[in-house]
Amino acid sequence: MSAADGMSQSGVSQAGRRPGVAGWLMLAPMLVWLAAFVVVPMAILAIYSFCERDELGRVVFSFSTDSYVRVFSPVYLGIFARSIGYAALTTAICIVLGFPVAWVIARASEAWRARLLLLVMIPFWTSFLIRTYAWLTILKSDGLLSALLQHIRIVGAPLELLYTPTAVVIGLVYAYLPFMILPIYASAEKLDVALVEAAHDLGCGPLRTFREVIVPLTKPGIYAGVLLVFVPAIGMFAITDLMGGARVPMIGNVIQNQFFQARDWPFGAALGVVFTLMFVVSYWILQRRSAAA
Amino acid sequence: MKIIRLLTAVSFLGFVSGTRAAELNLFAWSEYVPQTVIDGFTKETKIKVNYETFASGEEMLAKMLAGGASYDLVQPPDYIAEVLIRNKLLTPIDAKKLPNLKNVAPEFLGMPHDPEQKFTVPFMIGTVGIVVNTDVVKEPIRGYKDVFQPKFKNRIVVVNDNRELVSWVLVTLGLDQNDITPANLAKVKPVLAEWIKLVKVFDSDSPKTALLSGEVDLGVVWSGEAARLYEEDKKFAYILPEEGAHPFVDVMAIPANAENVDAAHKFLDYILRPEVSKLISDEFPYTNPNLEARKLLSEEQLENPASYPKIENYDTFRDIGKAATLIDQLVTDLKSAQ
Amino acid sequence: MLRGVAMKQPHASRRTPFHGMRALDWSLRTWTAGVFGFLYLPILVLVVYSFNESRLNVVWQGFTTKWYAQLWSNAPLMKALKNSLVIAGVTTVVSVVVGTTGAWLLHRYRFRGSRAIQTLVGIPMMMPEIIMGISLLVLFSTIGMRLGFTTVIIAHVTFCFPFVLVAVQARLAGLDPALEEAALDLGATPLKAFWLVVVPYLRPAIVSGALMAFTLSMDEVIVTYFTTSPGSATLPLRIFGMAKVGLNPMLNALSAVFVLFTIAFVLFSAHLKRISR
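Residue numbers (our numbering), protein chains in the order written: chain D, 910 to 1202; chain B, 53 to 390; chain X, 469 to 745.
Now the structure itself:
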C-alpha cells in the first residue's frame, strides 16, 4: 500500500476505509431522504391497495382485497397486456430503426461522428412533450398530413389518424428513438473493426457477420437501450393520452384516472403495485441478460 | 458554509411565500371564470387570485379531499354540493357580506341541494344536451338514440363525466336518473358499453374544440359550449334530448378548511355584480341566474337556444351516496375494455 | 485467408474497408438519413407553422411573429415558466450538494451494505415516473402536507440527485489518491484538501450532473402532475394542458423557443466536453 499508511492522518483519502460514526452521520441525511421519499411512499401505496374507498373517494382503512380481484380481471389484465405489447412493439421498432443509425455513426469519421452525435442529442434533449405535440400537428384531422392528402385529393375527408393504436406507437417511437440510438452507439463505438474485418476474411457474408459478430458484441448497448425504452414506454401516460385519448387506454392512463377522475385510490394503488412488480421483474431479467452478455 | 446559508434562505422563502397575506385560492371549472373577471378583482382589491381548474365534479372532489390542499372557493355542481354539505365540508356563507345576492332570481335560491340557502351561491345554470353540426349531419337528431348510432362511429364527442354518461343511458331506458342501484346499473352496462365504442373524444374541458375543428360532427356537451358554438356558426344546433334532460346548477361554496374566508366573500359579492356577471356570460354563455345581469345582455345572447332553453319540469341530479362508487367503477371498467 | 489478415495494413481509418460492401454502406447511410429526417421533420414543421398567420388551419396565410409576441404577454405561461425555473434551480442546487456529498462518502468509506445503498440510490432513476408520482401523492396526502412548490421540489430532488451522484461516482473512480495525500503532506487540512484538490477534479462531473438535473427538472411532467397545485404549475404541465385542447400556434412558437434553447444547450455541453479534455 502507500507509504502514507504508517503516517495516516484522519484525513487521508484511502478509499475504502471503515466509516465510523462520523461517516454514517454524514451519509444519514441522504439515506433518510431516500427512505422517506422512496421507501415509505411505496409502503403506503401497498397499504392503500388493501383499503377501500368511501362515497366521496376518501380512503377507508378496512382490509379488502377487492382492488386486487379487480386488477386481475380480464379487463385490466387485458390493458396490462396491451400496454406491454405496445411497449414491446415500440422497443422493437426503435431497435430496427436505431441500430443502423448507431452503427453508421460509430463507423463514421471523427468529424462526421461529432456532427451526427449532435444531431441525435438535439431530439434526445428536446422535451418529449414538444416532440409529441410536433406529431400532433401532423396527425390531427385538422393537421398537416390530412390537409396535404386532401389538397392533392388522395382522400376526400379529414383523415382519422389520431386516437388510434398506430398514433400511439408512432408517438412512443418518436419519443424514445434517441434513447435507443445512444446506448447502441456507445457499444458499437467500442467494437474493434478488426473483428469485423476478420469475419469478412474468414468468408462471412454481411448477414452472418451481423448475426455472429456485431450483435453479440453490441448486446450491452442493446440491452441498455431496451431498458431505457421498454419500461418507461409502458407507463408513459402523457404520450398515450395525447395520441390515443380515451380510445386507446393504457395502464398509465388508467392509473392516472383512478387518482383524479374515478377517485378510487385503493384500486389505483393496486394497479400501481402490480405495475411496479412487473417493472421490477423485467428490470431484473434484463439486468441479468445484460450482465451475462 | 455559504451554500447552506443559501439553501436555508431559499427554503425559508418558499415557506414564507406560502403564507403571504391577501390571496385567494379559487378552485373552479376550466373555461368558467374569465381572466378579465379575475384581473378586475385583483386590480380592485389587491388580492391575488390563484385559479386552479378541474374538468369534472369528481376531479374537484378528488383534489379537494386529497393532498392537504386548502381552497378558499370551490365551484361544485349541485349534487356534489349536496354531498359536501351532508359531510360538513363547507362553511356557511355570511349573506350579510353579499349585498349583491339580491340580484339572483329567487327560483334559483333554496334549491334541493341547499334548501336553507346557507352554504352556496348559484353561479351558472346549464343543461347537458346534444349539439349537431347541421352542415354535415342532415337528418333530424332528437335524442340520445339518434346520436349513438353505429353510423356515427368515431364522429362523436361527449363530456368526460361518469355521472352524466350513466344518466343518459338511464333516461333512455326510461329509468330515473337519480335511481342508481346495482340492478339499474346492470341494465345500463351493455348499452353504455356500445355507446362508449362510438365515441371519439371524451372531453370535459373544451368539447367545442373537436366540433370546431371538424374532428367530430355531433356530441353531447355542456350548454355553454354549445352556445359558444352557435355564436361562432349557426350551423351548430342545440337539442335537448327527448328522452330526458336535466338542468345543473353550478354553485360557489367556501370549504370548511378555507384560510381566506374574507377574500372569498369579497370575490362572491364581486361576481354577483351585474356588470361582472355579464362578463362571465359574454365568455361562457350559460344560463345566468343573475336577473340584473340578464338585463345587460344583448338580444342575440338571450335568444341563443343553448343559453336559455325552454326547460321546465326537469329534475336536477341529487346526491346518491355510496352509489357514486358504483358509477365510477362501471365507467372505468367499460372505458378500459376497448 | 490468414494471409489476407496478415497482409492487412494497420487501419487508421474506421470506415468499412471492402469495396463489395459499398452498396451496403450506401443503404445504411440512406437509412440513417431517413431516420434523421423522421426525427427532424415534425420539429421543422412545428417551427415553420409557428410563423403562420392563420390560427386554426394549416393553410399558409402569411408570415408573422405575433405568436411569439403573444407568448410574452401570456401571464399564466410566463408564471409557469418562472415556476419551472425556480423549481429547477432549487432542485439542481440541492441535488448537487446531496449527490456530490453522497458520492464522496460512498467512495471514501466502505459502508456495510454498500451494495444495498447503491441500489437504493439507483431506484429513483429507474422507477417509472407514474409510480413515483402516485406514491408521493399518497405520502403527502397521508401526512396532510399541502401540495405546492415544496412537494414538487421534494419530488424533483428525489429523482434528480441520483444522476448527479452517479456522475460524480464515475469521475471519482479515476481519482488518484496520491493527489490528496500530496496536499495533506504539504500541510493542508483535510477540508482544504477536499476543496482545493478533489472538488476541482470533480468539476466536470458536477457540472454535467447539474446540467442533467436542471434539464430533467425542467422537462418533468408526470411526477409534477401528481404533486403540484395550481400556484406552482410548471411549464411542461401547461404545455400538456394546451396540447390536449388542440393545435395552437402559440404552442408552436413556445416549442420553437424550446428547441432553440435545447440546441444552444447541446452545443454548450459539447463545447464544455471539449474544453475539459
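Here a beta-carbon is modelled for each residue, glycine too, at the ideal position from N, C-alpha and C.
Since this is a predicted model, take the numbers as computed values, not measurements.
- [ ] List the residues of chain X that D257/B touches, going by C-beta distances under 9 Å, in chain order.
- [x] The contacting residues are G709, K712 and V713.
Task: Cross-strand partners of K100/B (DSSP beta bridge) - done: Paired residues: E75/B.
Task: Closer than 8 Å at the beta carbon, the chain B residues around G699/X - done: Those are N77, N102 and E104, listed as they occur along chain B.
Open item on the list: Please confirm whether S1191/D has its beta-carbon closer than 7 Å to some beta-carbon of chain X.
Closed with: So, not an interface residue.
Open item on the list: For a cutoff of 7 Å on Cβ pairs, would you count T974/D as touching chain X?
Closed with: Not closer than 7 Å to any Cβ of chain X, the Cβ of T974/D fails to qualify, so no.
Open item on the list: Suppose the cutoff is 8 Å on Cβ atoms and the five residues either side in sequence are ignored; what does the same chain contact list for L150/B look like?
Closed with: For L150/B, where only same-chain residues beyond five positions count, the Cβ hits under 8 Å are V173, H317, L320, D321 and L324.
TODO: Below 8 Å between beta carbons is the criterion; list the residues of the segment 1071-1085 of chain D that meet it against any residue of chain X, in chain order.
DONE: Within the segment 1071-1085 of chain D, the residues whose Cβ lies closer than 8 Å to some Cβ of chain X are Y1083, listed in chain order.
Open item on the list: Whole angstroms are fine: how far does the CA of E75/B sit from the CA of F171/B?
Closed with: F171/B and E75/B have their alpha carbons spaced roughly 21 Å apart.
Task: chain B contacts from the segment 1161-1172 of chain D (Cβ-Cβ distance under 8 Å) - done: Taking 8 Å as the Cβ-Cβ cut-off, the segment 1161-1172 of chain D approaches chain B at V1163, N1166, Q1167, F1168, F1169, Q1170, A1171 and R1172, given in chain order.
- [ ] Could you pull out every unbroken alpha helix (DSSP H) segment of at least 4 residues lying fully inside the segment 933-968 of chain D, listed in chain order?
- [x] Annotation note: the segment 933-968 of chain D contains the following uninterrupted alpha helix (DSSP H) runs of length 4 or greater, listed N- to C-terminal: 949-957.
- [ ] Note down the Cα distance separating K550/X from E168/B, rounded to an integer number of angstroms.
- [x] Between K550/X and E168/B, the alpha-carbon positions lie close to 45 Å from each other.
TODO: Report yes or no: is there a C-beta of chain B within less than 7 Å of the C-beta of P1158/D?
DONE: Yes, its Cβ sits closer than 7 Å to a Cβ of chain B.
Task: L492/X at chain C interface by Cβ criterion, 7 Å - done: Absent here is chain C; the protein component of the structure consists of chains D, B and X.
Open item on the list: Just to confirm before moving on: does the CB-CB distance between G581/X and F694/X stay below 7 Å?
Closed with: Cβ atoms of G581/X and F694/X: not closer than 7 Å.
Task: V558/X to W572/X span [Cα, whole Å] - done: Spanning the two alpha carbons is a distance of roughly 21 Å.
TODO: Say whether chain B places a C-beta atom closer than 7 Å to the C-beta of G1121/D.
DONE: Per the sequence shown, the amino acid found at residue 1121/D is Glu instead of Gly. With its beta carbon at least 7 Å from every one in chain B, E1121/D lies outside the interface.
TODO: Step through the CB atoms of chain X and report whether any lies within less than 7 Å of the CB of M935/D.
DONE: With respect to chain X, the C-beta atom of M935/D has a partner C-beta closer than 7 Å.
Open item on the list: With H, G and I counted as helix, E and B as strand and the rest as coil, what does DSSP make of R1197/D?
Closed with: R1197/D sits in a helix when the DSSP states are folded into three classes.
- [ ] For V969/D, go through chain B and note every residue whose CB falls closer than 8 Å to its CB, in chain order.
- [x] Chain B residues near V969/D: none, gap ~11 Å exceeds 8 Å.
- [ ] Closer than 7 Å by beta-carbon distance: list the chain B residues that pair up with R576/X, in chain order.
- [x] In chain order: nothing, as chain B lies at least about 19 Å away.
Task: Contact residues within the segment 577-599 of chain X, judged by C-beta distance below 7 Å to chain B - done: Within the segment 577-599 of chain X, no residue has a Cβ that lies closer than 7 Å to any Cβ of chain B.
TODO: Determine the direct distance from the alpha carbon of T657/X to that of G920/D, and round the result to whole angstroms.
DONE: In this prediction, G920/D has a pLDDT of 45, which is less than 50 and means its spatial position is unreliable; what the coordinates show is noted afterwards. For G920/D and T657/X, the distance between alpha carbons rounds to 8 Å.
TODO: State the start and end residues of the unbroken beta strand (DSSP E) segment that holds F288/B.
DONE: Looking at the DSSP string, the run of the beta strand (DSSP E) that includes F288/B is F288 to I291.
TODO: Only counting runs of 4 or more residues, tell me where the alpha helix (DSSP H) segments fall wholly within the segment 222-283 of chain B, in order along the chain.
DONE: Fully enclosed alpha helix (DSSP H) runs of 4 or longer: 234-250 and 260-264.
Task: Assigned exposure category for E246/B - 16 Cβ within 10 Å defines buried - done: Residue environment analysis places E246/B among the exposed positions, since fewer than 16 neighbouring C-beta atoms fall within 10 angstroms of its C-beta.
TODO: Report back the beta-carbon spacing between L343/B and N155/B to the nearest angstrom; my notes put them in contact at under 8 Å.
DONE: That belief holds up - the Cβ atoms of L343/B and N155/B are roughly 6 Å apart, short of 8 Å.
TODO: Counting only the same chain and skipping the five closest in sequence on each side, list residues whose C-beta sits under 7 Å from that of G915/D.
DONE: For G915/D, the predicted model reports a pLDDT of 38, less than 50, meaning its position is unreliable; a value from the coordinates is still stated below. Only residues of its own chain outside the window of five on either side were considered, and among them none has a CB closer than 7 Å to the CB of G915/D.
TODO: Closer than 6 Å by C-beta to V473/X: which residues in its own chain qualify, once you throw out the five before and the five after it? Chain order, please.
DONE: Legend: pLDDT at V473/X = 39, less than 50; position of this residue unreliable, value from coordinates given subsequently. If we look at V473/X and ignore the five residues flanking it on each side, it has no Cβ neighbours.
Open item on the list: What does the Cβ neighbour count give for H165/B, buried or exposed, with the cut at 16 atoms within 10 Å?
Closed with: Residue environment: H165/B is assigned as buried (16 or more neighbouring CB atoms within 10 Å of its CB, all protein chains considered).
TODO: Going by CA-CA distance only, name the one from D302/B, T97/B, I132/B and I193/B that's closest to P293/B.
DONE: Relative to P293/B, the option among D302/B, T97/B, I132/B and I193/B whose CA is nearest is I193/B.
Open item on the list: Taking only three categories from DSSP, how would you classify T179/B?
Closed with: Correct three-state label for T179/B: strand.
Open item on the list: List, from N- to C-terminal side, the alpha helix (DSSP H) runs of 4 residues or more that fit wholly inside the segment 1019-1055 of chain D.
Closed with: Segments of the alpha helix (DSSP H) lying fully in the segment 1019-1055 of chain D: 1019-1034 and 1037-1048.
- [ ] May I ask you to list, following chain order, the residues of the segment 951-968 of chain D that have a beta carbon less than 7 Å from some beta carbon of chain X?
- [x] Residues of the segment 951-968 of chain D with a Cβ closer than 7 Å to any Cβ of chain X, in chain order: M951, I953, L954 and Y957.
Open item on the list: Does the contact criterion of 3 or more C-beta pairs under 8 Å hold for the segment 579-595 of chain X versus the segment 704-721 of chain X?
Closed with: Judged by Cβ distances under 8 Å, the segment 579-595 of chain X makes no contact with the segment 704-721 of chain X, as fewer than three pairs qualify.
- [ ] Apply the 10 Å Cβ neighbour rule to N312/B and answer buried if 16 or more other Cβ atoms are within range, or exposed otherwise.
- [x] It is buried - the Cβ of N312/B has at least 16 other Cβ atoms within 10 Å.
TODO: Could you please give me the residues that DSSP links to Y577/X through a beta bridge?
DONE: Y577/X is bridged to R926/D.
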